[in-house]
Structure formats: C-alpha cells, structure tokens
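J.:
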Amino acid sequence: VAVLAGRGGAGASVFAAALARTASQVTQASAAMLIDTDPWGGGIDLVLGSEADPGLRWPDLMLQGGRLTYTALRAALPHRHGVTVLSCARAGGDIDPAPLGSVIDAGSRGGVTVVCDVPRRSTTAAETALACADLVVVVVPADVRSCAASAALARWVTTVNPNAGLVVRGPAPGGLRPRQVAEIVALPVLAAMRPQP
Numbered sequence: 012v013a014v015l016a017g018r019g020g021a022g023a024s025v026f027a028a029a030l031a032r033t034a035s036q037v038t039q040a041s042a043a044m045l046i047d048t049d050p051w052g053g054g055i056d057l058v059l060g061s062e063a064d065p066g067l068r069w070p071d072l073m074l075q076g077g078r079l080t081y082t083a084l085r086a087a088l089p090h091r092h093g094v095t096v097l098s099c100a101r102a103g104g105d106i107d108p109a110p111l112g113s114v115i116d117a118g119s120r121g122g123v124t125v126v127c128d129v130p131r132r133s134t135t136a137a138e139t140a141l142a143c144a145d146l147v148v149v150v151v152p153a154d155v156r157s158c159a160a161s162a163a164l165a166r167w168v169t170t171v172n173p174n175a176g177l178v179v180r181g182p183a184p185g186g187l188r189p190r191q192v193a194e195i196v197a198l199p200v201l202a203a204m205r206p207q208p
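If you're matching positions, the sequence shown starts at 12 in our numbering and goes up one per residue.
1. Which residues mark the beginning and the end of the alpha helix (DSSP H) in which Cys99 is found?
2. Among Val192, Leu177, Ala175, which one has its Cα closest to the Cα of Ala183?
3. For His92, collect the residues of the same chain with a Cβ closer than 6 Å to its Cβ; drop the 5 residues on either side in sequence, then sort them by chain order.
4. Just checking my contact of Leu45 with Val126 at CB under 8 Å: how many whole Å lie between their CB atoms?
5. Is the number of C-beta pairs between the stretch 67-86 and the stretch 17-34 that are closer than 8 Å three or more?
6. Given this structure, state the Cα-to-Cα distance separating Arg180 from Leu79, to the nearest angstrom.
7. Does Trp69 pass the burial test, meaning 16 or more other C-beta atoms within 10 Å, or should it be called exposed?
8. Go through its chain and collect everything with a Cβ distance to Cys99's Cβ below 6 Å, but skip five positions before and after it.
9. Is the CB-CB distance between Leu164 and Arg190 below 8 Å?
10. Please determine, among Ala16, Ser157, Gly52, Val178, the residue with the shortest C-alpha to C-alpha distance to Ala102.
11. Going by Cα to Cα distance, which pick from Ala159, Ala43, Pro89, Gly122 is closest to Gly60?
12. Going by DSSP in three states, Gly176 sits in which element: helix, strand or coil?
13. Tell me, please, which residues DSSP counts as bridged to Leu15.
14. Run the proximity test for Arg180: is its beta-carbon closer than 7 Å to any non-hydrogen atom belonging to the ligand HEM?
15. Can you say whether Ser157 is buried or exposed, counting buried as having 16 or more other CB atoms within 10 angstroms of its CB?
16. Please look up how many angstroms separate the CB atoms of Leu15 and Val96, rounded, as I've assumed it's under 8 Å.
17. Return the CA-CA distance between Cys143 and Tyr81, expressed in angstroms with no decimal places.
18. Which same chain residues end up closer than 6 Å to Ala34 when comparing Cβ atoms and leaving out the 5 residues on each side of it in sequence?
19. Comparing C-alpha positions only, which one of Thr135, Pro206, Asp145, Val94 sits nearest to Leu111?
20. Going by the DSSP bridge assignment, what does Cys127 pair with across the sheet?
21. Would a C-beta distance cut-off of 8 Å place Val12 and Leu146 closer than the cut-off?
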C-alpha cells in the first residue's frame with residue numbers, strides 16, 4: 012500500500028504508520044513493514060517513536076538492487092509495535108529506486124504487508140513505490156484547498172497506478188461530504204475518518 016497526502020499536513024505519515032501497526036496486529040507479530048520514501052519528511056521512525064532503536068536507516072543500507080530475503084532485511088532494521096521500519100535520515104537526500112524496489116519486493120515475497128509513506132513530489136523513488144503498490148491511498152482533509160491540491164495530485168498518481176482511492180479526513184469546515192470530495196478529486200472514497208493524532 013502506498014500512502015500519500017493530498018496536501019501538506021494531511022496526516023498521511025501518521026495514517027501510514029497506523030495502517031502498518033494495524034496490519035501487524037491483525038495478522039501476526041512483525042507481519043508488516045513500513046518504508047519511508049519521503050526524504051524530506053523528517054523520518055517515519057519519529058512517528059513510531061523508534062528513532063533511538065538500533066538498526067539501519069536508508070543512508071546505512073548499501074544496495075545496488077537485486078534480490079533480498081525478508082528475513083535478512085528484518086534482522087537489519089528497527090522494529091516497533093510489531094512493524095519493521097525502514098526510515099529516512101534527518102538530513103534528507105534522494106532514495107535510489109532500485110534498492111527501494113528490492114526492499115518492497117523482499118517484503119512482498121516475505122508475505123508481510125508493506126506500507127510506503129510516499130512524498131507528494133514526483134521522484135523516481137515515489138513513482139517506484141506507487142507502481143509497486145496494490146493500492147494507493149491519498150489522505151485528503153475535507154476542505155476546498157485540500158480538494159484542489161488533491162485533484163492535481165490524483166492526475167499524477169493515476170498515471171502511475173490507477174488503483175487509487177481516498178481517505179477523507181474531517182472535520183469539514185465548509186460542510187464538504189466525502190462523496191463531494193470524491194467528485195472533486197475524481198477518486199473513490201475508501202474511508203472517511205475524524206482527525207486522529
């Protein structure tokens with residue numbers, strides 16, 4: 012699952028972390044992997060509170076592509092709340108799409124739920140995460156500005172992966188309903204929710 016925000020501050024990173032935690036709890040311990048593909052997001056490990064946990068982050072992972080085993084990958088990465096986490100560093104820097112594809116493939120072949128936190132910016136890594144996804148989730152607050160930004164983003168997303176939908180996050184200050192948000196953005200609603208920090 013690739014998760015991205017329809018606009019900045021929509022809560023996509025928090026949603027991606029919650030989705031990975033839920034997938035792990037529903038299936039079995041450590042049955043989910045959360046991959047940070049947003050080098051400008053400050054690090055998904057901060058969302059989970061695992062920033063001090065031992066293990067590799069993207070800058071430490073020396074891959075050229077090829078096949079990995081999930082067992083080896085899991086052993087090298089931090090774990091928190093039953094989720095194996097591959098986070099970006101605080102310094103930023105682009106993620107190479109070949110290693111990203113190998114990591115996603117290792118998790119998929121390992122039988123775990125793989126959740127990618129994807130930036131709103133079109134990069135080769137972002138497009139790799141989107142293309143590999145069975146489902147792309149766009150988190151959009153229920154306000155006019157967010158709908159306008161999400162509609163522009165949806166055009167890019169659906170050119171890479173047409174299997175995309177919305178998680179509409181309230182409150183709706185102008186009274187926009189999830190159905191109306193879907194009409195504006197031109198993507199189906201997967202779920203509607205209240206804000207949950």
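Cβ coordinates follow ideal geometry from the N, Cα and C atoms, glycine included.
T.: This is what the structure gives:
1. Sequence index remark: in the sequence shown, residue 99 carries index 88 (1-based). Premise fails: Cys99 is in no alpha helix (DSSP H) and is neither H nor E.
2. Numbered from its first residue, the sequence shown carries residue 183 at position 172. Ranking Val192, Leu177, Ala175 by Cα distance to Ala183 puts Val192 first.
3. As a first step, residue 92 must be located in the sequence shown, where it is residue number 81. The answer, listed in chain order, is Arg32.
4. The sequence position of residue 45 within the sequence shown is 34, counting from 1. The sequence position of residue 126 within the sequence shown is 115, counting from 1. The C-beta distance from Leu45 to Val126 rounds to 5 Å, short enough to meet the 8 Å contact threshold.
5. The stretch 67-86, when compared against the stretch 17-34, does not touch it at the 8 Å Cβ threshold.
6. Position 169 of the sequence shown holds residue 180. Position 68 of the sequence shown holds residue 79. When only Cα atoms are considered, Arg180 and Leu79 end up about 36 Å apart.
7. If you number the sequence shown from 1, residue 69 lands on position 58. Counting Cβ neighbours within 10 Å, Trp69 comes out buried, since at least 16 surround it.
8. For the purposes of this step, residue 99 is taken as residue 88 along the sequence shown, with counting starting at 1. If we look at Cys99 and ignore the five residues flanking it on each side, its Cβ neighbours are Asp47, Pro50, Gly54, Trp69.
9. As a position in the sequence shown, residue 164 is number 153, starting the count at 1. As a position in the sequence shown, residue 190 is number 179, starting the count at 1. Result no, Cβ atoms of Leu164 and Arg190 do not sit closer than 8 Å.
10. Here residue 102 corresponds to residue number 91 of the sequence shown, with the count starting at 1. Of the candidates Ala16, Ser157, Gly52, Val178, the one whose C-alpha sits nearest the C-alpha of Ala102 is Gly52.
11. Numbered from 1 along the sequence shown, position 49 holds the residue referred to as residue 60. Among Ala159, Ala43, Pro89, Gly122, the Cα nearest to that of Gly60 is on Pro89.
12. Locating residue 176 in the sequence shown gives position 165, where the first residue counts as 1. Here Gly176 sits in strand by DSSP.
13. Position 4 of the sequence shown holds residue 15. As computed with DSSP, Leu15 is found in a beta bridge with Val149.
14. Questions concerning the ligand HEM fall outside what the structure shown contains, since it holds no ligand whatsoever.
15. The sequence position of residue 157 within the sequence shown is 146, counting from 1. Using a 10 angstroms sphere on the CB of Ser157, the tally of other CB atoms reaches 16 or more, which defines it as buried.
16. By one-based count along the sequence shown, residue 15 stands at place 4. By one-based count along the sequence shown, residue 96 stands at place 85. Val96 and Leu15 do not touch by the CB rule: their CB atoms are close to 18 Å apart, not below 8 Å.
17. Along the sequence shown, read from residue 1 onward, the residue named residue 143 stands at position 132. Along the sequence shown, read from residue 1 onward, the residue named residue 81 stands at position 70. The alpha-carbon atoms of Cys143 and Tyr81 are separated by roughly 16 Å.
18. Reading the sequence shown from its first residue, position 23 is the one you call residue 34. Cβ neighbours of Ala34 within its own chain (closer than 6 Å, five residues either side excluded): Ala43, Thr124.
19. Your numbering for residue 111 matches position 100 in the sequence shown. Measuring from the Cα of Leu111, the nearest candidate turns out to be Thr135.
20. Here residue 127 refers to the residue found at position 116 when the sequence shown is read from its first residue. In the DSSP secondary-structure assignment, Cys127 is bridged to Ala13, Ile46.
21. Taking the sequence shown and counting its residues from 1, one reaches residue 12 at position 1. Taking the sequence shown and counting its residues from 1, one reaches residue 146 at position 135. Yes.
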